[in-house]
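Reading through the structure tokens given below for one structure.
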Amino acid sequence: MFRILLKRATVSLAWGLVPLAFVPWIGATEQLPPRPPSDFGERPLATARDDRPADIGFDAPRVGFDCARAETTLTVTVDSADTLQNDTTGAVSELPGYSCFGWDESGPEQIYELEVTEQLVLYAGLSDLQADLDLFLLDDCDTDACIAYANTEFATLVAAGTYYLVVDGYQGAAGPYTLVVSGHYEGVPEAICDTSSDLAAIPIDWPLAEARTDTLFGRPNLIQAYSCSPILRTGGEVWYAISLPPEWQLDASVTSIPMGLDPCLWLFDGCGPSPACLEFVDAGGAGEVENLSWSNDGNETVTVYLAIDSWRPPETVFDGIVTLAAPLVPLQQTSWSDLRRLYR
Ligand SMILES: [Ca+2]
Ligand SMILES: [Ca+2]
Numbered sequence: 340m341f342r343i344l345l346k347r348a349t350v351s352l353a354w355g356l357v358p359l360a361f362v363p364w365i366g367a368t369e370q371l372p373p374r375p376p377s378d379f380g381e382r383p384l385a386t387a388r389d390d391r392p393a394d395i396g397f398d399a400p401r402v403g404f405d406c407a408r409a410e411t412t413l414t415v416t417v418d419s420a421d422t423l424q425n426d427t428t429g430a431v432s433e434l435p436g437y438s439c440f441g442w443d444e445s446g447p448e449q450i451y452e453l454e455v456t457e458q459l460v461l462y463a464g465l466s467d468l469q470a471d472l473d474l475f476l477l478d479d480c481d482t483d484a485c486i487a488y489a490n491t492e493f494a495t496l497v498a499a500g501t502y503y504l505v506v507d508g509y510q511g512a513a514g515p516y517t518l519v520v521s522g523h524y525e526g527v528p529e530a531i532c533d534t535s536s537d538l539a540a541i542p543i544d545w546p547l548a549e550a551r552t553d554t555l556f557g558r559p560n561l562i563q564a565y566s567c568s569p570i571l572r573t574g575g576e577v578w579y580a581i582s583l584p585p586e587w588q589l590d591a592s593v594t595s596i597p598m599g600l601d602p603c604l605w606l607f608d609g610c611g612p613s614p615a616c617l618e619f620v621d622a623g624g625a626g627e628v629e630n631l632s633w634s635n636d637g638n639e640t641v642t643v644y645l646a647i648d649s650w651r652p653p654e655t656v657f658d659g660i661v662t663l664a665a666p667l668v669p670l671q672q673t674s675w676s677d678l679r680r681l682y683r
């Protein structure tokens, strides 16, 4: 599940209280002895599809830096979104690499302090790149305190606290960039299941005889990563609340997909921080049909929440039209004559 908690950044807080002269890495580029690793290994991390492998044989030395290097401080809350434009050309270059992944980051870097006000899914993404810049998230001013990384974008669960987001240059690269930092609800927002909300899922009662046509253009991006998809899905979604009696099967298909749109389908048993992901489907690429099937094997009618999502948001209204065909069919019952035939 997408639910692993971060240990508080107690090292950073404690060091803030001691006189500056006792901070062990005043010489900013001084190599330090190893520190206990941050809990990166257990952290959920969703990234784009385009991440490259680690550099073979590269082992980043540990470097501490002055937290005051941060360009600015951003406050991150659920539903906050900040967009910044900046350029690493001519910036200080003192951080050669990070503990969480073996990339040579010998280019200059810029650092952003993030004040995260509550537990949330933190998203950071780079665009408008002319050089190969990468992202690293630290929970201290120390390259060994790396808890997330990405070639272009990532989402990860963080507790409230102070973090440092570094935009760094791969193998000496430097250049301009646009940086988006946003906060997201952990799991499936409650509003989707709240019938009085503007964001409520479209109710569908069985049997659904006709196909629906809805657009993904301009829809809010309410879910983009979960345990059933570690690849980011940053398009907005259309949500359906589907009432399914016992022993009925939901077969949902997304058809009439324009070129360039890569759809996927999520199915949850409810809302909140940790609903069960009943199914996730992304079998095809851009423009290809997706099919999802799920059957209610229980004894009671259930409501399930189906989302049509996409890898990237559609750019125009025309691009975003999808058709949902969701014929709900009863599961095939085994008749007595069929059973008798088995034992002949
Ligand atoms: Ca660097
Ligand atoms: Ca999405």
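Counting in our numbering, the sequence shown runs from 340 upward without gaps. Every residue gets a Cβ at the ideal spot worked out from N, C-alpha and C, and that includes glycine. Model, not experiment: these values are computed from the prediction.
Of the listed residues the options, nearest to residue i (C-alpha basis)
i	options	result
Q510	S613, A646 and D443	D443
D426	E433, L477 and E410	E410
A487	G557, Y462, F475 and D479	F475
N490	G626, C616, A387 and V620	A387
M598	V415, D648, V628 and I581	V628
I647	P614, V417, R408 and N560	N560
A420	P515, G522, E452 and C406	G522
G557	V577, Y565, D467 and I570	V577
G623	P602, G637 and P612	P602
G713	D636, I596, S649 and T594	Residue coverage of the chain in this structure runs from 340 to 683, which leaves residue 713 outside it and unanswerable.
For residue j and residue i, the rounded distance between their alpha carbons
i	j	result
I365	L413	Any reading at I365 is ruled out, since the residue's pLDDT is 38, under 50, leaving its predicted position unreliable.
P363	P528	With a pLDDT of only 38 at P363, under the threshold of 50, the placement of this residue in the model should not be trusted; the figure read from the coordinates follows. Near 43 angstroms, if we compare the C-alpha coordinates of P528 and P363.
L604	W633	12 angstroms
C439	L465	19 angstroms
V643	E586	14 angstroms
E448	L504	10 angstroms
L477	I450	10 angstroms
G446	A513	6 angstroms
E437	D473	The sequence given here has Tyr at residue 437, not Glu. Looking at the two C-alpha atoms, the distance is approximately 11 angstroms.
F607	T456	27 angstroms
D481	G441	16 angstroms
W354	R572	Since pLDDT at W354 reaches only 29, below the 50 mark, its modelled position is unreliable, and no value is offered.
T554	S592	15 angstroms
C406	I531	39 angstroms
S568	V520	21 angstroms
Y524	R651	19 angstroms
V540	D533	The sequence as given places Ala at residue 540; Val does not occur at that position. Their Cα atoms are separated by approximately 8 angstroms.
D544	L645	13 angstroms
Under the three-state DSSP convention, the category residue i falls into
i	result
T411	coil
T482	helix
G403	strand
C616	strand
E492	strand
G637	coil
I596	coil
C532	helix
G511	helix
P358	Unreliable placement is indicated for P358, whose pLDDT of 32 sits below 50; the coordinate value is still reported in the next sentence. Reduced to three states, the DSSP call for P358 is coil.
T416	coil
P602	strand
S649	strand
V519	strand
F397	coil
I562	coil
A430	coil
W364	Its pLDDT being 40, under 50, W364 is placed unreliably by the model, and the measurement read from it follows with that caveat. Of the three classes helix, strand and coil, the one that applies to W364 here is coil, per DSSP.
Where the beta strand (DSSP E) containing residue i begins and where it ends
i	result
L504	G500 to G508
I541	I541 to I543
V577	V577 to L583
E457	Segment: none, E457 is in no beta strand (DSSP E) and carries neither H nor E.
A385	L384 to T386
L477	L472 to L477
R551	R551 to T554
Residue-level contact to chain B via CB, residue i, 7 angstroms cutoff
i	result
C406	Of the protein chains in the structure, only one exists, and it is not chain B.
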